[in-house]
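Reminder that position 117 of the sequence shown reads as 963 in the numbering used here, one-by-one numbering, no gaps. Here a beta-carbon is modelled for each residue, glycine too, at the ideal position from N, C-alpha and C. If you're wondering where the values come from, they're calculated on a predicted model, not measured in any experiment.
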Amino acid sequence: MKADDLKTTRERLITRGIRDFLTELQMINPEYFIAFITVGMHASLEDLVNSCAELYFEPGFIRLGQGSSVAVSWTTPPGVTLDIELESRDMRAYLQVELAGNRTTVKLNYIQFSTGHDSPQCNTEHLAMTMQRHSRVPAMSRCR
Numbered sequence: 847m848k849a850d851d852l853k854t855t856r857e858r859l860i861t862r863g864i865r866d867f868l869t870e871l872q873m874i875n876p877e878y879f880i881a882f883i884t885v886g887m888h889a890s891l892e893d894l895v896n897s898c899a900e901l902y903f904e905p906g907f908i909r910l911g912q913g914s915s916v917a918v919s920w921t922t923p924p925g926v927t928l929d930i931e932l933e934s935r936d937m938r939a940y941l942q943v944e945l946a947g948n949r950t951t952v953k954l955n956y957i958q959f960s961t962g963h964d965s966p967q968c969n970t971e972h973l974a975m976t977m978q979r980h981s982r983v984p985a986m987s988r989c990r
């Protein structure tokens with residue numbers, strides 16, 4: 847499997863795994879994100895992210911990273927980009943989540959496995975199992 851295909855597969859897997867969390871983020875008024883980011887209220891921004899994550903994942907698995915940005919113009923809906931980290935004892939993934947209007951995009955920047963396998967496919971399966979293990983929602987209830 848090509849590196850680009852592997853990254854796309856993992857991004858889709860992560861997006862499906864955190865879709866409920868992403869939906870919660872989308873329900874927050876963009877003005878809160880914009881205000882907290884532009885004024886530098888990182889702790890308040892972190893509280894928003896943690897509140898959305900705690901409904902669906904164990905504490906600490908999803909957390910706000912160090913970077914965030916806003917894109918505001920007169921002609922398009924405001925956009926917010928948040929650095930999000932998925933962390934467990936055996937895996938760490940760094941994402942950028944972009945919220946703009948009704949569209950949400952997840953970009954996988956880097957993933958690290960502490961018990962990495964030689965096979966990229968095995969690592970991808972490990973990612974899926976790790977996400978399911980830290981989820982508060984049983985996998986069967988996620989089918990739509």
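**Report entry** Reduced DSSP category for Gly925 - H, G, I as helix; E, B as strand; rest coil
**Finding:** strand
Report task. Can you tell me which of the three DSSP states Lys953 falls into? Result -> strand
Report task. For the stretch 856-935, list the beta strand (DSSP E) runs that are entirely contained and at least 3 residues long, ordered along the chain. Result -> 908-917, 925-934
Query raised in the report: Would DSSP call Arg979 helix, strand or coil?
Result: helix
Requested in this report: Tell me whether the beta-carbon of Gly911 lies closer than 7 Å to the beta-carbon of Asp929.
Outcome: yes
Query raised in the report: Using the rule of at least 16 other Cβ atoms within 10 Å of the residue's Cβ for burial, across every protein chain shown, is Thr927 buried or exposed?
Result: buried
Requested in this report: Below 8 Å CB to CB, which residues in the same chain sit around Asp936 once its five sequence neighbours on both sides are set aside?
Outcome: Phe959, Ser960, Thr961, His972, Thr976
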